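Residue numbers (the working numbering), protein chains in the order written: chain H, 5 to 480; chain D, 5 to 480; chain P, 5 to 480.
Even for Gly, the Cβ is constructed at its ideal location relative to N, Cα and C.
From a predicted model like this one, the values you see are computed outputs, not experimental measurements.
Worksheet: one structure, shown below.
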């Protein structure tokens, strides 16, 4: 399918450097996609799903997209967020709103990804705006109805070699087993262990959550020992069912304590005492923070045995806008990063496990200032630590280039995580990886043009950065 | 008047991108100047003022200029700061000092603005230095004496469409009325409501200030209710006399408590109790901070009714050098920014008023790290929030380009404030706006050269950024 | 000796700008090296030392190099760190490891410096890797055995005009005197007063350290007055023996309190009381921090009389990995920067001494965010304050360019420290200074290409930045 997008997009403007970037990009552009962390729902892979309509594909499930329109006073409800029965007419209207506010996305990666998807996935090259929204909606609807645009067909077309979902520790992973057993599913699929809410020790429903965790593990979690054992068993269960990693967003409790990334261990006695208090819902905020830090450290401790890669991304104030949480629930765009303090957060964990080469800790910061100040210095030194690719609010061309400029000088390329798309927007996956490959080529072309690297070594590094590196970091 | 300055200054060096930047600049360079926030004294507009001499125009009133010479041990007094009877000879000597230390300004925007003003406003193109200072001083004196260089003539020549002063809430605005009533005044003029000292609840003279506020409003401010009513009335008075905005620098009390940008509301009972304590001068520092945060929130609350735009710029340690405050008073260059924590500061205010599209909150940070970490994520999400242009210590070419690179990827262009000159240096206004237009063209030319935007859309965005955007944000 | 390195390395890629950068570089590349702060051991200068072998030269003493291999699980012991009897075979193996992990250094300054040293100092131009490591080791060994590669021959060849060591306050400086008395020593040599451990008031061995300080000064340090007098005398002693500066890394106590850069003075009574408590080892952590801040302020106070330049670099968490401290001691790569708060740290010191032009305070930050937010605004204003060049984790091309872009707009060039190599790796000194000269040319070429500076003024600034500026700042 012919793309109307310029082949040199995101490359440097200097002609000499652009030639180098083109060559580097040529060497990596067609490599299979490795996506070690993402949020595509498992049922999209389990059945060969048809998308209901363009809004269901591009707008409603993607808070990157919806939050921008909300910033221009479009209610989330009009975009289908949290709507049980969102009609075809409402969906069409939501897409018209996207056309109307498309100018507001100028310069953003959401726009870049969608234009790339429209052109390269659907062959639609006319610019989106209020006038074209309807006809593009119709074209997309027609294509989505065809058998060429089902979820599995897309996974195949996107040349995805490895993809991970994100799952609750109590999940039975039956759907994952089904997909993994299916020789026709084109990619290697993995679940990801995401226990955040079971670590949110001051949630009003926390004791109940622990009981559910215990049931799924066949262990009584009335005691701290039981809780740890349940975690151990469920992690193992995930690993046995294909998981390579466990993910920690250190989400807040519903009571809006915001956990930091602190990983300080408590003595066993204190841990046991606070766990029991937590069960009875009588922790102080300070005790809750201390217990949370300890349980986070426990997860790293468990990883010493089961080898699951630990991905950690604290430092975000979740549900900054409380009405959003009440009306639409968490994870729909109302979060805001905060200043990070990685040197203190990780010190206890790295002092205990930082020299174990089989323990892989991938740190994703939402505060760019930590890249050169804390993450590069620590990742360069500690065998266990890798610097997570810029994601969420940082996966645009400018911050991706800043990331390389901030971390490579003191950590090199070999302590980076490789690209992570972190998305629930299936059709944006190739666009996101392609953007990253173009920018990786752009950054490396600068080192070659600067005569800091030979072209040959630059090409080796570029290739390694899209497959060898993520494969090693995530133990694929 | 022919300028000796290079027409391509501040444009990208890459020939291809430079052509794009030139074209974009051509489309915006002659648009009227919109200046929604500034510090030119009202009497400069009320009477058609002649400047006393070049020092009175370029040096004494501009702490951007004086602080650099102070950094090389030139006493402020020798530059006319705080001097009642500064003689012609002293003025001439101050200008010689500027010539002597001109090398120290190399690479700074102060130098760029002054060279631009000398060339484009006064047709003086010879380089300033110790040897030329005298003759330039003479040339300028001659021009300033002529009728072509009075304040109003300059406003007309500068093609200023809208300009705002900054004023005390008790100001009778008689001079503003006079100018606004004068058909000959070339620009739309507005006062700006700046109540900082009336919110500095631990000033030794605070109760007295409140009484003055009460008098000007015809309300007894002995009670908290009276204080709020007085604020309500004075804001309305300002609006009726042309104001579009209220400005908050959260200046410190004279006792050097440094307020943060915290906006947490208190319960009415607590607010009333602390207000009464404040009247009697018996607040603890902690109580003072809490009451200040509440009163700041109150200003946002009042804005829900009167619709004045709220411009907020906390995060600066005022009077970092105390001797400066004692010898010369505040606002003459002895301030220093501090780390910002916008996510926490604005959370209470945005949770209450953030979804009201008629409430416009423009946040100016002095800590660049907040742009991509907090301001872009919040402004993209909250309809009420706009990201203030880089000003004060951040209005140089480098930080202006960083600003675009930091905020556009996640907030787009439509949640930016538009350029703010924030200056008391009248002759620098066209130079400041021209610098910003050149850099806006430079940044957008990068997006076009990157093939992220079509030239046509880039031009629309550039045009919108110099008039439509500030007009909408400041409700002009 | 012909270098195989590209002559345009690190220059901008744009052809027009590259020509400007080349011309600027030509004007400064051969100027004598001024190195006001470094860590080369004095005995390397005292005797005309032969390096034992390439590992002893390039690996073991340089934690920049060793920490990267440690990050890939190479034990420090295998690199010779802390090894009493490291055999020739072990040295050779360590060099093989460097070849094996050379890919991990791609994009780092360590690699740039070593490639520059190998080519320009030793004429070795073949790429280092696992296969070439042995032969390069042999070639180097042969050269190191010859009389052309002794320490003094190298100092002469490197065209070093001034160089400083870093020394303990109790050092008798006999070796320095010997070198300074030797007409054959090619460079001006200076010791540097580094009293950190005598200010670490909660070290278990602190009282004992003070006694040693007292002995060396001939003063009883049982009292605070005695301590201050001892410091006064030792500073004077250092000055009389050639020192121009005193250096403060505010290292932590062995008990891992991390001092901040706080400089708050105590009342004399409190200082005396806390000093006495410190002698008896009974300070609380809070008291220790307060006394440390006071003693740091005292050092600035003493500088008012003796005029030693104060170089200050707080904000690093020393010994982040405690096992490293236990197994190998401090200063071997296990440190990590933290967020800085310079505006508060320096306020007390600058309020007392900031307007004294004879007091020179050079602030080195490990947190880049402080450059534009705090250091540039303060250095522009305070005559005493200079902004230290980026060093340690910040001396790579990218952060060096960011440094200029962050500080020049508001502090200009005349409040910068000039380049500091801060190294114990003798052979990397010319490479480090050359890298900085190339990047200085690159940054200034941008200002010239932007038409913000004439080429002529740009060249004057470039020349001044490599000799006049450091000579003035460090009073050479």
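Under 9 angstroms by beta carbon: chain D residues contacting residue i
i: residue 461 (chain P); result: 107, 110 and 131
i: residue 383 (chain P); result: 75
Buried or exposed (CB count within 10 angstroms, at least 16 for buried), residue i
i: residue 178 (chain P); result: exposed
i: residue 187 (chain P); result: exposed
i: residue 129 (chain H); result: exposed
i: residue 93 (chain H); result: exposed
i: residue 30 (chain H); result: exposed
i: residue 272 (chain H); result: exposed
i: residue 308 (chain D); result: exposed
i: residue 208 (chain D); result: exposed
i: residue 384 (chain P); result: buried
i: residue 419 (chain D); result: buried
i: residue 301 (chain D); result: buried
i: residue 91 (chain D); result: exposed
i: residue 463 (chain H); result: buried
Within chain D, the residues that residue i reaches when beta carbons sit closer than 7 angstroms
i: residue 77 (chain H); result: 361 and 387
i: residue 71 (chain H); result: 384 and 385
Interface residues of chain H facing residue i [CB-CB closer than 8 angstroms]
i: residue 47 (chain D); result: Those do not exist, as residue 47 (chain D) stays about 41 angstroms from chain H at its closest Cβ, beyond 8 angstroms.
i: residue 54 (chain D); result: Result: empty, since nearest Cβ-Cβ is about 45 angstroms, beyond 8 angstroms.
Proximity winner among the options, relative to residue i (alpha-carbon distances)
i: residue 8 (chain P); options: P:392, P:406, P:152 and P:120; result: P:120
i: residue 326 (chain P); options: H:475, H:338, H:233 and H:359; result: H:359
i: residue 144 (chain P); options: P:17, P:56 and P:80; result: P:56
i: residue 380 (chain D); options: H:40, H:112 and H:10; result: H:112
i: residue 276 (chain D); options: D:231, D:39 and D:459; result: D:231
i: residue 163 (chain D); options: D:151, D:153 and D:190; result: D:190
i: residue 142 (chain D); options: D:97, D:382, D:52 and D:461; result: D:97
i: residue 337 (chain H); options: H:81, H:79, H:22 and H:71; result: H:71
i: residue 460 (chain H); options: H:17, H:25 and H:13; result: H:25
i: residue 245 (chain P); options: P:174, P:363 and P:214; result: P:174
i: residue 525 (chain D); options: D:252, D:297 and D:250; result: Since the first and last residues shown for chain D are 5 and 480, residue 525 (chain D) lies out of range.
Near the ligand FAD: residue i beta-carbon under 8 angstroms from a heavy atom
i: residue 29 (chain P); result: Judged by which ligands are present, the structure shown has none, so any question about the ligand FAD falls away.
Within chain P, partners of residue i - CB distance below 8 angstroms
i: residue 400 (chain D); result: 413 and 414
Proximal chain P residues relative to residue i, where beta-carbon distance stays under 9 angstroms
i: residue 451 (chain H); result: 110 and 111
Residue i: contacting residues in chain D (beta-carbon distance under 8 angstroms)
i: residue 455 (chain P); result: 9, 10, 12, 13 and 14
C-beta neighbour in chain B for residue i, strict 9 angstroms
i: residue 326 (chain D); result: Given the protein chain composition of this structure (H, D and P), no chain B is represented.
Contact set between residue i and chain H, taken where Cβ atoms lie within less than 9 angstroms
i: residue 373 (chain P); result: 373 and 377
Q. In chain order, which continuous runs of the alpha helix (DSSP H) of length 4 or greater are located wholly inside the segment 40-117 of chain H?
A. 46-50, 58-62, 67-74 and 92-104
(Q) Three or more C-beta pairs under 8 angstroms: does that hold for the segment 76-90 of chain H against the segment 325-341 of chain H? (A) yes
Q.
Any contact between the segment 434-446 of chain P and the segment 121-131 of chain P? By contact I mean 3 or more CB pairs, one from each, below 8 angstroms.
A. The segment 434-446 of chain P makes contact with the segment 121-131 of chain P, as at least three CB pairs between them are under 8 angstroms.
Q) Three or more beta-carbon pairs under 8 angstroms between the segment 368-376 of chain P and the segment 310-323 of chain P, yes or no? A) As far as the Cβ criterion goes, the segment 368-376 of chain P touches the segment 310-323 of chain P, which means the pair count is three or higher.
Q | In chain order, each alpha helix (DSSP H) run of at least 4 residues that lies wholly inside the segment 212-276 of chain H | A | 228-244
Q) In the segment 119-165 of chain D, which residue ranges form an unbroken alpha helix (DSSP H) of at least 4 residues, counting only runs that do not cross its ends? A) 137-149 and 155-161
Q.
Ignoring anything shorter than 4 residues, give me the alpha helix (DSSP H) runs that lie fully in the segment 404-446 of chain D, in order along the chain.
A. none
Q. Does the segment 389-398 of chain D touch the segment 101-116 of chain D, meaning 3 or more C-beta pairs lie closer than 8 angstroms?
A. no
**Q.** Runs of beta strand (DSSP E) wholly within the segment 281-362 of chain H (minimum 3 residues, chain order)
**A.** Segments of the beta strand (DSSP E) lying fully in the segment 281-362 of chain H: 313-316.
Q) At what residue ranges does the segment 161-207 of chain D contain a whole run of the alpha helix (DSSP H), taking only runs of 4 or more? A) 178-185 and 200-203
Q | Validate contact between the segment 403-413 of chain H and the segment 61-78 of chain P using beta carbons, cut 8 angstroms, 3 pairs | A | no
Q | Segment contact flag, the segment 33-40 of chain H with the segment 164-173 of chain H, C-beta cutoff 8 angstroms, min 3 pairs | A | yes
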